[in-house]
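If you read the sequence shown in our numbering, its first letter stands for residue 10, the second for the next number, and so on.
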Amino acid sequence: SDGWSSEIFQQELLQYYEAFASGNLDFELPQLEIQYRDFAIWQRTHLTEELLNEQIRYWKDQLSGFQTLAIPTDFPRPNAVSYAGADKGFSFSPETSNRLRALVKEQGTTLHTVLLSAFYILLSKYSGQDDITVGSPIANRHHPHTQGLIGFFVNMLVNRAVLDQTATFTDLVQQVHETQVAAQSNQDLPFERLVDEMNITRDISRHPIFQTMFVVQSFGNEQQAKKERERYLKPFQGAVSFQVEKFDLSFFIDDSDQMISGVITYAASLFKGQTIERMARHFVHLTDRLTSEAHKPYSQISLSGPEEFELTVNQWAGTIQTGTVNQTLHALFSSQAAKTPEALAISSAESQYTYRQLDLQSDVMARAIRAKYHQLTAKELSPDTLIPICMDRGTEMIVAILAILKAGGAYVPIDPAYPQHRIDYILADTKAGIIISQQHIPEAYNINLPTEKLLLA
């Protein structure tokens, strides 16, 4: 059954305890107007092929060309989902919680929509993608007679947003609100049927369509119900841990107290605990800034607060001393990015980056480099590991150089116009475990690069 059913069961059990304690041995629960089997029959009747085909068309259109989320991981992805999980908690300050609720009223939407919008931005900044897909469970009890039934009704809704980095947070909230309304009008199509209809090639190493889940619930009634239950039932004092995770990441938000809080459950086969702790800090800080500057382009809002920025710079640069003598190049760059985030850093005929964009993109790529290196060598990338770059000159090469430095390596430039024997010599001499290049390079320059070692920029 689902969580809703669990609450019904506990409430009904409590009523029996109360009746027994008061001597009412003839107590019976009110008769339900329908049973779960009646709902199953109604569902089969209601979900005609015409209705299903209409919803299939909606979801195919909504998910056309969607991208698989590619958040850099700490460990190589296993060949199959391991289901081993762990969790980390977090909470928003009372001030941020109040601003969230005020923004909900201002925008005429729900807390789920506002926080899902912030979650999209978080995932975009971590992945470098603008096309984000997230799953959310829906109670699927829109028929009034199902409110008191025990049974499994939950369906998974797919939430997709294509982000416009020039838009404000309120713009995104309205975009997500409209998408949510349309999605809930097409919530009857079972997720498993959707996967079949999308003709997606199954990959047992990840969940189909989406790899992250986002849930907002209010446990306020649960807290009161818990107090009532404890009049008759003794709470179990042992340690209970449900360390199972079928997705890469799941965010659960609790809206029951003055301070909104949450828990991130994550695939322990993909992420370290400290990575998730950092992600939780980023989400809290990002949401705080987004609700404070909701009418500002969200692309201009950083993941890191001042304290974390100082910590990061210190970690990258080693022991910071007065002046810049003992600071690394990438630490100095990040320091400048904090001072002038929107100033132009690099430009070419094809593209340009502000300091903030260059800092963000190189962060994302640095995580990808470390993950790919670990995947290929089964070792962590050690300081000054030589990493060849075989790329055209341009802004993308600057991103790659900065990313290698941030990852802890040392870059070795290879001109793709070099003859093959010269490239082979450099790769052998550097004992390259990973090579940074671009998709078009081998064909454009008629050279061979070991594809198993390639990380495309």
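Don't be surprised by glycine CBs; every beta carbon is placed ideally from N, CA and C. In this text the structure is predicted, and so the values were computed from the model without any measurement.
- Of all C-beta pairs linking the region 277-291 to the region 69-87, three or more are shorter than 8 Å, placing the two stretches in contact.
- The beta-carbon distance between Ser133 and Asp139, rounded to whole angstroms, is 6 Å. This is short enough to meet the 8 Å contact definition.
- Straight-line spacing of the CA atoms in Leu78 and Glu461 works out to 22 Å.
- In its chain, beyond the 5 residues on either side, Pro81, Leu464 have a beta carbon closer than 7 Å to the beta carbon of Ala377.
- DSSP places Lys97 in the uninterrupted beta strand (DSSP E) bounded by 94-100.
- Ranking Ala89, Gly417, Asp368, Asp264 by CA distance to the CA of Leu353 puts Asp368 first.
- For Asp297, the enclosing alpha helix (DSSP H) has its first and last residue at 282-301.
- Between Ile423 and Thr296, the alpha-carbon positions lie close to 42 Å from each other.
- By the beta-carbon neighbour count (other beta carbons within 10 angstroms, threshold 16), Phe280 is buried.
- Excluding five sequence positions before and after His294, the CB atoms of its chain that fall closer than 6 Å to its own CB belong to Gly314, given in chain order.
- Between Phe99 and Phe223 a beta carbon distance of about 14 Å is seen, past the 8 Å cut, so the two are scored as non-contacting.
- An exposed status is given to Tyr92, since fewer than 16 other beta-carbon atoms sit within 10 Å of its beta-carbon.
- Secondary structure at Asn88: coil, using DSSP grouped into helix, strand and coil.
- Cβ-Cβ distances below 6 Å link Val272 to Asp96, Gly98, Phe261 in the same chain, with the five nearest sequence neighbours on each side left out; the list follows chain order.
- In the three-state reduction of the DSSP assignment, Asp35 falls in the coil class, being assigned neither a helical nor a strand state.
- Sorting His430, Pro39, Asn33 by C-alpha distance to the C-alpha of Gln20 places Pro39 at the top.
- Around the C-beta of His339, 16 or more other C-beta atoms lie within 10 Å, and the residue is accordingly described as buried.
- Checking the DSSP bridge columns, you'll see Tyr362 partnered with Ile355.
- Ile50 counts as exposed, since fewer than 16 other C-beta atoms from the protein chains shown sit within 10 angstroms of its C-beta.
- The C-alpha of Glu16 lies about 36 Å from the C-alpha of Phe75.
- By the Cβ test, the region 413-421 is not in contact with the region 122-136, since fewer than three Cβ pairs between them sit closer than 8 Å.
- According to DSSP, residue pairing for Thr394 in a beta bridge involves Gly418.
- Spanning the alpha carbons of Tyr67 and Ser356 requires a straight line of approximately 41 Å.
- For the pair Pro392 and Gln267, the CB atoms are not nearer than the 8 Å cut-off.
- Restricting attention to Glu351, Val113, Glu254, the CA atom closest to the CA of Thr175 is found in Glu351.
- By the Cβ neighbour-count rule, Arg53 is exposed, with fewer than 16 other Cβ atoms within 10 Å of its own.
- By the C-beta density criterion, Phe200 is buried, having at least 16 other C-beta atoms within 10 angstroms.
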